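S.K.: Got a structure here, written out as structure tokens. Questions coming.
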Amino acid sequence: MKRSRSVATLLSALSVLGVSSSRSAAQGPTTLTVFAAASLTEPFSRLGRSFEAAHPGTTVRFNFTGSQQLVLQIQEGAEADVFASADERWMQTAKDSGLVEGEPVLFARNELVVIVPVANPAGIKRLQDLSHSGVKLVIAAEAVPVGHYTREMLAKLSSQPGFGSKYGQQVLANVASYEENVKGVVAKVQLGEADAGVVYRSDATGSVASQLTTLEIPEASNVIASYPIAVVRGADSPELAKAFVELVESATGQESLKKAGFIPVQPATQPSQ
Amino acid sequence: MKLLRTIAVRALLGLAVGGLGFLLVLPVVSLLIRTSPGELLTRLGRPEIQQALLLSLETSLLATALVLLLGLPAAYLMASRQFPGKRIVEVLFDLPMVIPPTVAGLILLLTFGRAGLLGKSLGLWGVSLPFTTAAVVVAQAFMAAPFFLGPVRAGFTTVEHRYREVAATLGAGEFYSFVRVMLPLSLPSVLAGTAMACARALGEFGATITFAGNLPGVTQTMPLAVYVEMQHDLGAAITLSVLLIMLSFGLLLALRYGQSRVP
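Which chain is which? The protein sequence lines are A and B, in order. Throughout, our numbering is defined as the position within the first sequence, counted from one, plus 461. Take the second sequence: its position 188, counted from the start at 1, is 178 in our numbering, and no numbers get skipped.
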């Protein structure tokens, strides 16, 4: 008796597995999966909710992490409908590998800022202070777009008067950790573990702003990040994917991005429909 | 009817075991066929791979030593004493086994971090743990401790009933009977716990990257290097993965042989 019950349990467990896999396939057309750079977390989550409101029955799922990680995941067969990258380098890789459909569209820009915890344990008041020995700096890894931009920015600063040609090298020698996405940098500074970090302006706004002090980088040395977006080839729901891209480009989308600290690319007055 | 049921049970068992074998063995096979031994050897010579390998060996051995040092007395106390709230303590000791490693990393930061509960006082002594190799050891020890405590506590408990009193009636002090009776008799469990803890420490990723960060040569252990290399050099990531699997496999295999030799 006992044995037959355990057989029944096993059978029902197997059938649950079978059912759930067929259900996820049937769910396809009503779920839109957006792979987006970690820095887009706030504005895209908000846009996702308005997209769901405008398309009843559709659920928007997000995968936010470093763009390099996203490209790798799509390459390895992860199901995505939309890909939004934090730099043109990784979008180009995606395009070259035949992962996206059509021409990617530039939808936002972002610039770098230096963040320090409000308590400012290392007493960092100006960008020059980042090169002092003993400063614990946290930046993103080279493969992460923001990490790449950070190195570019440091190189530019090194040729500026008042910094010295060794500046970039000295700052990089202070790196305590290379994070795998920009939110990792924010978290370590926010927790007060790192003395300073380099992130996008959009990461220093919103709920974390009160725990951070922002240092501006002079315009001539700053690096402007460009965010391209594209529909992924073989998307389950290309129409929905296209509609999401359009929403991002629309006045609503651009306003959302602007609020989150991004630099919109479309003039806000342009009609959305 | 009964025969039919037996056949059905056997078929299901076979299916389950086969499925499990498939699930566990196939990934290892597919990793090994992705790269030739020659490629593997040339990549082994690369400084960044050697650096990660050495750091991993160093930190996981230190973490295992730390777990042994703190875990032996703890396992002994748990096995030989009754006290109120013992069950709660036991569960607390088991907890790192089931909490997500990133959560472990975060609570370590909140404890030993610069702004953390203990970290603040450590800071007064000029000690700062995050982003150091010591932090890697702490994260690994934290995650590995339950893998040691579990078998060792169980081992001590079985010895407890039979021999402790005998040793006591013969006039042996507690320390003496621990070293001369408990430890030798539960050696297989201690070995098992040590090897499991070492293997777990070697594979630690989430708590390390969260608590210790990711800096080559300082905190970038092999699992972290695999994650980072995957994004620009898949070959290096595969090499490191093969190394990790071989190390863990060797460790667990040595344990099996070691255990069968101990009486």
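Beta carbons are placed, not taken as given, at the ideal position from N, Cα and C, and that holds for glycine. For clarity, every value in this text was computed on a predicted model and none was experimentally measured.
1. Report the neighbours of A:Val607 on chain B: residues whose CB is nearer than 9 Å to its CB, in chain order.
2. Compare the C-beta of A:Ser500 against all C-beta atoms of chain B and say whether one is closer than 8 Å.
3. Residues of chain A with a CB under 7 Å from the CB of B:Phe121: which are they?
4. Compare the C-beta of A:Gly722 against all C-beta atoms of chain B and say whether one is closer than 8 Å.
5. Check whether the Cβ atoms of A:Asp557 and A:Ser687 sit closer than 8 Å, and answer yes or no.
6. For a contact defined as C-beta to C-beta under 8 Å, what are the partners of A:Gln530 on chain B?
7. In the DSSP assignment, find the unbroken alpha helix (DSSP H) run with A:Ser638 in it and report its ends.
8. Who are the Cβ neighbours of B:Ser179 in its own chain at under 6 Å, not counting the five residues just before and after it?
9. Indicate whether the contact test is met: 3 or more Cβ pairs, each with one atom in the stretch 567 to 587 of chain A and one in the stretch 657 to 664 of chain A, closer than 8 Å.
10. Of the residues A:Gln529, A:Arg510, A:Gly527, A:Phe624, which one's Cα is nearest the Cα of A:Val521?
11. Once the 5 residues before and after A:Ala637 are set aside, which same chain residues still bring their CB inside 8 Å of it?
12. Three or more C-beta pairs closer than 8 Å, one from the stretch 532 to 541 of chain A and one from the stretch 615 to 625 of chain A: is that the case here?
13. So, B:Ala131 versus B:Val57, is the Cβ gap smaller than 8 Å?
14. Checking the sheet assignment: what are the DSSP bridge partners for A:Phe544?
15. Residue range of the beta strand (DSSP E) that A:Ala779 falls in?
16. Which class does B:Ser20 belong to by DSSP, given the choice of helix, strand or coil?
17. What separation, rounded to the nearest whole angstrom, lies between the Cα atoms of B:Ala134 and A:Glu640?
18. Would you list the residues sitting across from A:Leu598 in a DSSP beta bridge?
19. With a cut-off of 8 Å, does the C-beta of A:Ala541 fall near any C-beta of chain B?
20. Following the continuous beta strand (DSSP E) through A:Phe523, name the residue where it begins and the one where it ends.
21. Which ranges would you report for the alpha helix (DSSP H) in the stretch 107 to 137 of chain B if only whole runs of at least 4 residues count?
22. Taking only the alpha-carbon atoms, compute the straight-line gap between B:Leu10 and B:Leu16 and give it to the nearest angstrom.
23. Given a cut-off of 8 Å, decide if A:Ala704 and A:Gly563 are closer than it, judged by their beta-carbon atoms.
24. From the beta carbon of A:Ser482, is the nearest beta carbon of chain B less than 8 Å away?
25. Please list the partners that A:Gly653 has in chain B, where partner means a Cβ-to-Cβ separation under 8 Å.
M.R.: Per the coordinate set shown:
1. In the first sequence, residue 607 of chain A corresponds to position 146, counting from 1. Neighbours of A:Val607 on chain B: none; closest Cβ ~14 Å, over 9 Å.
2. The residue you call residue 500 of chain A lines up with position 39 of the first sequence. By this cut-off, A:Ser500 is not an interface position.
3. The residue you call residue 121 of chain B lines up with position 131 of the second sequence. Within chain A, the residues near B:Phe121 are Lys597, Ala637, Ser638.
4. Working through the first sequence from its first residue, we reach residue 722 of chain A at position 261. Not one chain B Cβ lies under 8 Å of A:Gly722.
5. By 1-based counting over the first sequence, the position of residue 557 of chain A is 96. By 1-based counting over the first sequence, the position of residue 687 of chain A is 226. The answer is no: Cβ separation not under 8 Å.
6. Here the question's residue 530 of chain A lines up with position 69 in the first sequence. The answer, in chain order, is Gln221.
7. Along the first sequence, read from residue 1 onward, the residue named residue 638 of chain A stands at position 177. That residue, A:Ser638, is in no alpha helix (DSSP H); its beta strand (DSSP E) goes 636 to 640.
8. For this step, residue 179 of chain B is matched to residue 189 along the second sequence. If we look at B:Ser179 and ignore the five residues flanking it on each side, its Cβ neighbours are Pro141, Val142, Gly145.
9. yes
10. Walking along the first sequence from the start, residue 521 of chain A turns up at place 60. The shortest C-alpha separation from A:Val521 is found at A:Arg510.
11. Here residue 637 of chain A refers to the residue found at position 176 of the first sequence. Hits under 8 Å: Lys597, Leu598, Val599, Ala655.
12. no
13. To locate residue 131 of chain B, count along the second sequence from 1; it is residue 141. To locate residue 57 of chain B, count along the second sequence from 1; it is residue 67. Yes.
14. The residue you call residue 544 of chain A lines up with position 83 of the first sequence. According to DSSP, which records beta bridges pairwise, A:Phe544 is partnered with A:Phe496, A:Ala691.
15. Nothing about residue 779 of chain A can be read from this structure; chain A reaches only from 462 to 734.
16. Here residue 20 of chain B corresponds to residue number 30 of the second sequence, with the count starting at 1. In this structure, B:Ser20 counts as helix in the three-state DSSP scheme.
17. Residue numbering aside, residue 134 of chain B sits at position 144 when the second sequence is read from its first letter. Residue numbering aside, residue 640 of chain A sits at position 179 when the first sequence is read from its first letter. So the alpha carbons of these two residues sit roughly 24 Å apart.
18. For the purposes of this step, residue 598 of chain A is taken as the residue at position 137 of the first sequence. Answer is A:Val636, A:Ala657.
19. Within the first sequence, numbered from 1, the residue matching residue 541 of chain A stands at position 80. So, not an interface residue.
20. The residue given as residue 523 of chain A occupies position 62 in the first sequence. Its beta strand (DSSP E) spans residues 520 to 526.
21. 109 to 114
22. Indexing the second sequence from 1 puts residue 10 of chain B at position 20. Indexing the second sequence from 1 puts residue 16 of chain B at position 26. One C-alpha to the other measures close to 10 Å.
23. For the purposes of this step, residue 563 of chain A is taken as the residue at position 102 of the first sequence. For the purposes of this step, residue 704 of chain A is taken as the residue at position 243 of the first sequence. Against a cut-off of 8 Å, the Cβ pair of A:Ala704 and A:Gly563 comes out as no contact.
24. On the first sequence, residue 482 of chain A is found 21 positions in, with the first residue counted as 1. In this prediction, A:Ser482 scores a pLDDT of 39, lower than 50, which makes its location untrustworthy; no coordinate-derived value is stated.
25. Stepping through the first sequence from its first residue, residue 653 of chain A is reached at position 192. Under the 8 Å cutoff, chain B gives Gly103, Arg104, Ala105.
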